[in-house]
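Since the structure comes first, as structure tokens, the remarks are kept for the end.
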Amino acid sequence: MVRVLTCFIFVCLSFFEVHSESAREYFKFAKFSLDEREYSKALDYINKAIELEPNYVSGILLRAEINFTLSEFDNVISDVTRAFSLDEQANNTMADFHLLRGSAYLKLNNPTNALKDINFSIGINPKNAQAYFLKGLINSENAIYFEAVENFDQAIKLDADVSEYYYKRAELKKLYYKPIPGTRIYESIMTDIQICANLNPNDFRPYELKCDMLKLDASFSKADFINEMDAAIDKFPLQAKFYSERGMARVLSDQYGAALSDFTQAIQLDINDEANYRNRGLCFHNMRKYQLALNDYSKSIDILIKKYNVSSADESIKKVLGQTFNMRGMTNQLNGNSDLACEDFYKAAKLGSKPGLNNYRRSCNVYN
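The sequence shown begins at 135 in this note's numbering and counts up by one.
Printed below as a string of structure tokens:
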């Protein structure tokens with residue numbers, strides 16, 4: 135009887151040992167697949183490992199990593215939380231997985247829980263640049279700008295080779311400091327933009343930000359600005375904004391034909407940006423091609439009305455819609471359509487456009 139019992143125990147131990155070894159083999163396959171960016175295959179392998187060994191903490195944490203790459207953020211949170219509940223030491227020492235869970239919370243728009251995990255991660259490992267970067271994003275979103283700048287500063291101090299850190303710091307400084315050209319802050323932003331572009335030459339965003347910064351500088355000539363946009367377009371020929379910006383610079387330089395070409399190219403790249411239709415309409419208006427101008431203004435108005443119907447509380451949409459009705463009204467007037475012009479001026483006035491109201495009073499009804 136004793137011998138039989140001993141054999142039974144041996145068989146049970148052997149059974150669990152085989153399953154344990156199999157779970158670890160699946161773990162190795164999953165890790166290899168993750169490194170090879172075969173994420174679905176990695177998930178299949180790690181699920182098999184956890185099926186064999188449900189409390190396999192390393193396996194559960196690896197699955198959290200895999201799920202993050204697959205944007206399954208709820209599953210990331212669930213797995214990390216489960217692993218930490220199984221292993222208190224992991225909870226108190228694994229800064230990277232607190233950061234992973236915090237990142238998942240942030241992706242799910244839960245900054246409160248994200249910040250708890252990020253701060254805990256920093257407490258374990260105060261030299262993790264990504265943790266400070268994510269904290270900076272949260273503080274920036276919560277309008278705690280000075281602390282956010284400090285967070286980005288610390289991230290860059292710990293890891294100076296990540297382009298995104300410089301981009302976000304430059305973007306935030308532009309918003310927070312409202313820089314004046316020629317000042318130290320302005321130049322520091324331009325430096326961040328240049329470093330970002332150097333670190334990641336394929337990212338068009340620093341070039342967009344540089345464009346916005348240059349527009350703040352009244353001493354920067356329109357010709358030089360056009361040259362900057364030429365270079366940006368050569369590098370990123372599929373980015374509509376660069377054509378739009380060059381088009382506006384050409385409008386301000388009275389180069390309506392060239393501007394027309396730019397706005398047309400921008401429209402081909404982004405058919406839903408109403409500003410390009412409105413600005414191309416302005417070009418047609420100034421070239422006295424009134425019917426073509428009216429077509430573009432109408433297209434711009436149609437897009438704006440759809441946006442306004444979705445968000446009528448957005449004063450910026452209301453203001454631009456009023457301006458565009460007024461612009462179409464002036465073109466209708468020059469095109470000999472006084473009734474349509476007055477209808478447009480009236481709509482512009484109802485939307486709060488003072489030029490629209492003045493045009494209505496002057497041209498349509500002196501008593502209103």
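Virtual Cβ for every residue (Gly too), placed ideally from N, Cα, C.
What you are looking at is a predicted structure, and each value in this text was computed from that prediction instead of being measured.
Where does residue i sit, in a helix, a strand or coil, going by DSSP?
| i | result |
| --- | --- |
| residue 170 | coil |
| residue 276 | coil |
| residue 464 | helix |
| residue 432 | helix |
| residue 260 | coil |
| residue 392 | helix |
| residue 197 | helix |
| residue 296 | coil |
| residue 77 | No statement about residue 77 is possible, as the shown extent of the chain runs from 135 to 502 and does not include it. |
| residue 313 | coil |
| residue 253 | helix |
| residue 225 | helix |
| residue 364 | helix |
| residue 208 | helix |
| residue 399 | helix |
| residue 478 | helix |
| residue 265 | helix |
| residue 247 | helix |
| residue 485 | coil |
| residue 219 | helix |
Round the Cβ separation of residue i and residue j to the nearest angstrom and send it over; I've been treating them as touching at under 8 Å.
| i | j | result |
| --- | --- | --- |
| residue 418 | residue 410 | Wrong, their Cβ atoms sit about 13 Å apart, outside the cutoff. |
| residue 161 | residue 186 | Between residue 186 and residue 161 the Cβ distance is about 10 Å, and since that is not below 8 Å, they are no contact. |
| residue 356 | residue 403 | Actually they do not touch by this definition, with Cβ atoms about 23 Å apart. |
| residue 493 | residue 463 | 6 Å |
| residue 347 | residue 323 | 6 Å |
Whole angstroms are fine: how far does the CA of residue j sit from the CA of residue i?
| i | j | result |
| --- | --- | --- |
| residue 416 | residue 391 | 11 Å |
| residue 266 | residue 202 | 19 Å |
| residue 295 | residue 331 | 12 Å |
| residue 374 | residue 475 | 31 Å |
| residue 388 | residue 382 | 10 Å |
| residue 164 | residue 198 | 12 Å |
| residue 302 | residue 218 | 32 Å |
| residue 350 | residue 378 | 17 Å |
| residue 400 | residue 239 | 37 Å |
| residue 439 | residue 490 | 17 Å |
| residue 193 | residue 232 | 16 Å |
| residue 498 | residue 406 | 33 Å |
| residue 480 | residue 395 | 32 Å |
Can you have a look at residue i and say buried or exposed, based on whether 16 or more other CB atoms are within 10 angstroms of its CB?
| i | result |
| --- | --- |
| residue 365 | exposed |
| residue 236 | buried |
| residue 447 | exposed |
| residue 340 | buried |
| residue 485 | buried |
| residue 138 | Legend: pLDDT at residue 138 = 42, less than 50; position of this residue unreliable, no value from coordinates given. |
| residue 468 | exposed |
| residue 384 | buried |
| residue 472 | exposed |
| residue 380 | buried |
| residue 362 | buried |
| residue 257 | exposed |
Could you please give the first and the last residue of the uninterrupted alpha helix (DSSP H) stretch that includes residue i?
| i | result |
| --- | --- |
| residue 489 | 488-497 |
| residue 421 | That residue, residue 421, is in no alpha helix (DSSP H); it is neither H nor E in DSSP. |
| residue 352 | Here residue 352 belongs to no alpha helix (DSSP H), and DSSP marks it neither H nor E. |
| residue 379 | 374-386 |
| residue 447 | No alpha helix (DSSP H) contains residue 447, which DSSP labels as neither H nor E. |
| residue 333 | 318-333 |
Sorry if obvious, but does the Cβ on residue i come closer than 6 Å to a heavy atom of the ligand SAH?
| i | result |
| --- | --- |
| residue 296 | Ligands displayed in this structure: none; no statement on the ligand SAH is therefore possible. |
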